[in-house]
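Colleague: Line order of the protein sequences matches chains A and B. My numbering puts the first residue of the first sequence at 257, with every later residue one more than the last. My numbering puts the first residue of the second sequence at 353, with every later residue one more than the last. Okay, handing you the structure first.
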Amino acid sequence: MDKLQIRNLSCSAEGNKIIRDLSLDIVKGDCLALLGPNGHGKSTLLNVLMGNPRYQVDSGSVLYDDEDLLKLTPDLRSKKGIFMAFQNPPDVPGVVSMDFFRAALNSHSDKPVSLFNFYKTTTKAYEEVGLDSEMASRYLNEGYSGGEKKRNEILQMLLLKPDLVLLDEIDSGLDVDAMALIASTIKTLKEQGTTFIIVSHYEKLFELVEPNRTAVIVNGRIAKEGDSSLAKKIASQGYSFLEKEFGINLTKENDKQQSIGVCAAKQVEKK
Amino acid sequence: MDIKLQDKTETRIIKDTRQSYFLTEVPALHNLRYEVSENTEFELTIVDFLSDPIDLSIDVVLKKGAKANIYLASLNSGHNNKVYKIDIDHEEENTYSRTTMSGINAGDGLLRFLGSSYIKNGAHKSDTRQEGKITNLSDKAHSEVSPSLLIKDNDVKASHGAALGAYDPKVLFYLMSRGLTLSESKKLITFGSLLPIINRLGDEKNREDAKKALGELSL
Numbered sequence: 257m258d259k260l261q262i263r264n265l266s267c268s269a270e271g272n273k274i275i276r277d278l279s280l281d282i283v284k285g286d287c288l289a290l291l292g293p294n295g296h297g298k299s300t301l302l303n304v305l306m307g308n309p310r311y312q313v314d315s316g317s318v319l320y321d322d323e324d325l326l327k328l329t330p331d332l333r334s335k336k337g338i339f340m341a342f343q344n345p346p347d348v349p350g351v352v353s354m355d356f357f358r359a360a361l362n363s364h365s366d367k368p369v370s371l372f373n374f375y376k377t378t379t380k381a382y383e384e385v386g387l388d389s390e391m392a393s394r395y396l397n398e399g400y401s402g403g404e405k406k407r408n409e410i411l412q413m414l415l416l417k418p419d420l421v422l423l424d425e426i427d428s429g430l431d432v433d434a435m436a437l438i439a440s441t442i443k444t445l446k447e448q449g450t451t452f453i454i455v456s457h458y459e460k461l462f463e464l465v466e467p468n469r470t471a472v473i474v475n476g477r478i479a480k481e482g483d484s485s486l487a488k489k490i491a492s493q494g495y496s497f498l499e500k501e502f503g504i505n506l507t508k509e510n511d512k513q514q515s516i517g518v519c520a521a522k523q524v525e526k527k
Numbered sequence: 353m354d355i356k357l358q359d360k361t362e363t364r365i366i367k368d369t370r371q372s373y374f375l376t377e378v379p380a381l382h383n384l385r386y387e388v389s390e391n392t393e394f395e396l397t398i399v400d401f402l403s404d405p406i407d408l409s410i411d412v413v414l415k416k417g418a419k420a421n422i423y424l425a426s427l428n429s430g431h432n433n434k435v436y437k438i439d440i441d442h443e444e445e446n447t448y449s450r451t452t453m454s455g456i457n458a459g460d461g462l463l464r465f466l467g468s469s470y471i472k473n474g475a476h477k478s479d480t481r482q483e484g485k486i487t488n489l490s491d492k493a494h495s496e497v498s499p500s501l502l503i504k505d506n507d508v509k510a511s512h513g514a515a516l517g518a519y520d521p522k523v524l525f526y527l528m529s530r531g532l533t534l535s536e537s538k539k540l541i542t543f544g545s546l547l548p549i550i551n552r553l554g555d556e557k558n559r560e561d562a563k564k565a566l567g568e569l570s571l
C-alpha cells in the first residue's frame, strides 16, 4: 500500500449519522494515533474501512492505491493487505483456531500453505504473542480471556502480514506486560514499513509505539490533525483544550429524531 | 450397570454405555427407550445427514445417580420433514442429563427439535439442561426448536436454551475480514456447528464420512 485517501466520507448505522464528511490521507509507513471522545466515530471509521456491512456509506469515497475500496467485500480488502484487530472479537464455537488460520493463510496465497510451513509459522506467532500454541486446537476465541483475545488478534496480524493495520482499542483490558509485548510487535512491523491506524484511549500505548501523526475525530469529522505532540497534549489536558484553543464544539450532534416518551394520561370517569 | 433399549415391540439390554450412530438409512426403530440404571453413565450420539424423512423419538429414563449426555447433529438439505423428540425422565434422585441438538436446515423442508426434561417427584438434587440450535441456510427452510422443562421436585438445577436463525453477521464479518469468502465463511461456521458432535462418533470411518458429507454441502 502506498496511499489511502478518504474524501468527504459520510456513514450511518441504523439511521444514526456517525461519520460526517470526513477526509483523511494516509501514506505508506504512517502510524496514526486516531483519537476522539467516546462515540464520535473512531471505531466506525475502522469498521467502514474494513467493510463491515453494519455501516452504510451515504456519500464520499475511499481510494486505496487509487482503487475504490468501498466496492470491495471484506475478504477482498483483506487480500489487498488490510487487517483490522477487533475491539471485541466474537466467539466462534465449533471453528477450531488452527482450521481458521489455515483457511485465512490459504486465502492470501496462490497455492495452499504446506502443513510444515503452517505449523512453523503459527508456532512462532504463538511464541511472539506469548500464548500457548496448544490454543490452536481450541475453538476460535471461545473461552478466551480479554487479554488472550487481544493477543490472538495480534497473532493473526503476524500470520497475515498486512500492509495496513487498523487497531481498534487493542490495548483495552491488557496488563502491563501484555501491553509492552503487543507494543513491541507493532513497533517491529512499523519499522518494517507496515502502516498503522491506531485507536486507543490510553497514552501508554502511544508512548510505546511512538506514532508520527495524530488525528482527532469529533462528531464524525477530523477536527484536528497534528504530529505526535497532539496526542501527548490530549493525554495531559484532555479534549477540552480543543474547545478552548480552537473553538471545536465537543457536544455530540444527534441528527436522529428521538422520542422522549409519552406521558401517561389518566382517564377519569365522569359521574 | 446395564442399559435397556426398548422399542414398542422389543426390549434389549445394552452393555456398552457409549452409543453412537452415523445414520446411513432410516432406523427401523423410531421410538427408542433407554433405561439407565443406578450410577451408570450413558452417552448417545446420533449424526443424521440422510436425505430421507425421519421421525425419531428417544426416551431416556434415569435411575438413582445415573448420568446421560445426548448429542444430535442433523442436516436437512432436501424437501423432507425431520422431527426429533428427545425426552429425559429423571425418575430418581441425584440424576444428571445434558441434551445437545444442533441442526442445519439447508433445503425447503421441516427440521424440528422437540423434547422435555422431566424431573419427577423424588428426583431431588438432579441437574438437567437441554439445548437446541438450528441454522437456516434457506429462506424456504422451516425449523422449530422447542425444549421444555417439567419439574415436580425441589432442590434441582434445570435450564434450557433454544436458538434459531441464520448466520451471525458479526461472525461472518470477522471471518471475511481475514480473507475468507462469504461461502467459505458460511461453510466454516456450518462445519463448526456440527463438528463437535461428529467428533463424538465412535467409529473413525463414520467420522470421516460425516465430515466428507458436510464438506460437500454447497452453500
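From the three backbone atoms N, C-alpha and C, an ideal C-beta is built for every residue, glycine too.
Could you check whether the region 412–423 of chain A touches the region 392–402 of chain A, counting it as contact only if at least three pairs of C-beta atoms, one from each stretch, sit closer than 8 Å?
Modeller: These segments do not touch.
Colleague: How is the alpha helix (DSSP H) around residue 478 of chain A delimited, first residue to last?
Modeller: Taking the first residue of the first sequence as 1, we reach residue 478 of chain A at position 222. Unbroken run through residue 478 of chain A is the beta strand (DSSP E), 477–482; no alpha helix (DSSP H).
Colleague: Would you list the residues sitting across from residue 259 of chain A in a DSSP beta bridge?
Modeller: Mapped onto the first sequence, residue 259 of chain A falls at position 3. Per DSSP, A:283.
Colleague: If you follow the beta strand (DSSP E) that residue 449 of chain B is in, where does it begin and where does it stop?
Modeller: For this step, residue 449 of chain B is matched to residue 97 along the second sequence. Segment 448–457, the beta strand (DSSP E) holding residue 449 of chain B.
Colleague: Counting pairs of Cβ atoms below 8 Å between the region 393–407 of chain B and the region 516–525 of chain B, do you hit three or more?
Modeller: No: fewer than three Cβ pairs fall under 8 Å.
Colleague: Can you give the Cα-Cα distance for residue 403 of chain A and residue 298 of chain A, rounded to whole angstroms?
Modeller: Against the first sequence, residue 403 of chain A aligns to sequence position 147. Against the first sequence, residue 298 of chain A aligns to sequence position 42. Their backbone Cα atoms lie some 21 Å apart in a straight line.
Colleague: For residue 335 of chain A, would you say it is in contact with chain B, using Cβ-to-Cβ distances shorter than 8 Å as the test?
Modeller: On the first sequence, residue 335 of chain A is found 79 positions in, with the first residue counted as 1. Yes, contact with chain B.
Colleague: For residue 477 of chain B, which of helix, strand or coil comes out of DSSP?
Modeller: By 1-based counting over the second sequence, the position of residue 477 of chain B is 125. Three-state DSSP puts residue 477 of chain B in coil, outside helix and strand.
Colleague: Taking the alpha-carbon positions, what's the residue 567 of chain B to residue 380 of chain A distance?
Modeller: Counting from one through the second sequence, the residue named residue 567 of chain B turns up at place 215. Counting from one through the first sequence, the residue named residue 380 of chain A turns up at place 124. Going by the C-alpha atoms only, they are around 30 Å apart.
Colleague: Pick out whichever of B:394, B:376 and B:371 has its Cα sitting closest to the Cα of residue 561 of chain B.
Modeller: Start at 1 with the first residue of the second sequence, and residue 561 of chain B comes out as number 209. For residue 561 of chain B, the nearest C-alpha among the options comes from B:376.
Colleague: Determine, for residue 544 of chain B, whether the minimum Cβ-Cβ distance to residues of chain A falls below 8 Å.
Modeller: If you number the second sequence from 1, residue 544 of chain B lands on position 192. With 8 Å as the cut-off, residue 544 of chain B counts as an interface residue toward chain A.
Colleague: Please say whether residue 313 of chain A and residue 301 of chain A have beta carbons closer to each other than 8 Å?
Modeller: By 1-based counting over the first sequence, the position of residue 301 of chain A is 45. By 1-based counting over the first sequence, the position of residue 313 of chain A is 57. No, these two residues do not count as a Cβ contact at 8 Å.
Colleague: Can you give me the Cβ contacts of residue 229 of chain A inside the same chain, cut-off strictly under 8 Å, excluding the 5 residues immediately before and after it?
Modeller: No answer is possible for residue 229 of chain A: it lies beyond the span of chain A, which begins at 257 and ends at 527.
Colleague: Three or more beta-carbon pairs under 8 Å between the region 419–431 of chain B and the region 540–550 of chain B, yes or no?
Modeller: Enough Cβ pairs lie closer than 8 Å, so yes.
Colleague: If we count Cβ pairs, one from each stretch, closer than 8 Å, do we get three or more for the region 522–534 of chain B versus the region 490–500 of chain B?
Modeller: Verdict: no, contact absent.
Colleague: So which residues on chain A does residue 414 of chain B lean against when the C-beta distance must stay under 7 Å?
Modeller: Here residue 414 of chain B refers to the residue found at position 62 when the second sequence is read from its first residue. Ordered by position in chain A, no residue passes the 7 Å Cβ test against residue 414 of chain B, which lies about 27 Å from the chain.
Colleague: Give the secondary structure of residue 500 of chain B by DSSP, where H, G and I count as helix, E and B as strand, and everything else as coil.
Modeller: Mapped onto the second sequence, residue 500 of chain B falls at position 148. In this structure, residue 500 of chain B counts as strand in the three-state DSSP scheme.
Colleague: Within 10 angstroms of its Cβ, does residue 407 of chain A collect 16 or more other Cβ (buried), or is it exposed?
Modeller: What you label residue 407 of chain A is simply residue 151 of the first sequence in a count that begins at 1. So residue 407 of chain A counts as buried.
Colleague: Considering only the alpha carbon of each residue, which of B:453, B:433 and B:481 lies closest to residue 463 of chain B?
Modeller: Numbered from 1 along the second sequence, position 111 holds the residue referred to as residue 463 of chain B. The shortest C-alpha separation from residue 463 of chain B is found at B:433.
Colleague: Going along the chain, which unbroken runs of the alpha helix (DSSP H) with 4 or more residues stay wholly within the region 400–434 of chain A?
Modeller: Whole alpha helix (DSSP H) segments, 4+ residues: 402–416.
Colleague: Quick one: Cα of residue 394 of chain B to Cα of residue 480 of chain B, how far?
Modeller: Taking the second sequence and counting its residues from 1, the one referred to as residue 394 of chain B is at position 42. Taking the second sequence and counting its residues from 1, the one referred to as residue 480 of chain B is at position 128. Near 14 Å, if we compare the C-alpha coordinates of residue 480 of chain B and residue 394 of chain B.
Colleague: Using DSSP's beta-bridge definition, name the partner residues of residue 371 of chain B.
Modeller: In the second sequence, residue 371 of chain B corresponds to position 19, counting from 1. Residue 371 of chain B pairs with B:396.
Colleague: Which parts of the region 380–444 of chain B are runs of the beta strand (DSSP E), unbroken and 3 residues or longer, counting only runs that do not cross its ends?
Modeller: Whole beta strand (DSSP E) segments, 3+ residues: 383–388, 393–400, 406–414, 419–428 and 433–442.
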